[in-house]
Amino acid sequence: MTMEKSPQRWNYKTLDLTRLKGDDFLERLGDLLDEAGRNGWDLAYMCEDFMIMKQLYFAKE
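The opening residue of the sequence shown carries number 0 in numbering that gives the first Met the number 0; numbering runs sequentially from there.
Rendered as structure tokens:
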């Protein structure tokens, strides 16, 4: 499986960050962003309650 850049359209996803709150917030957020990056998602906007991810790549077999 390879990642190919999406040439014409992007998908957006909103993630709730309130469920990550706690002592290990930054570690859990880092893991979430690492996993998203491996799947072709990039951070578009983030505030303390939610973040919006934009999919720049898609998996091609």
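Each residue gets a CB set at the ideal place from its N, CA and C atoms; glycine is no exception.
### Query
So which of K59, Q54, D22, D41 has the shortest CA-CA distance to W9?
Here the closest residue by C-alpha is Q54.
### Task
Determine the closest residue to M50 out of W40, K59, Y56, A58, with distance taken between C-alpha atoms.
That would be W40, whose Cα lies nearest to the Cα of M50.
### Query
Looking at the unbroken alpha helix (DSSP H) that takes in E26, where does it start and where does it end?
Unbroken alpha helix (DSSP H) run through E26: 24–37.
### Message
Bridge partners for T13 per DSSP, in chain order?
### Response
DSSP output for T13 lists I51 as bridge partner(s).
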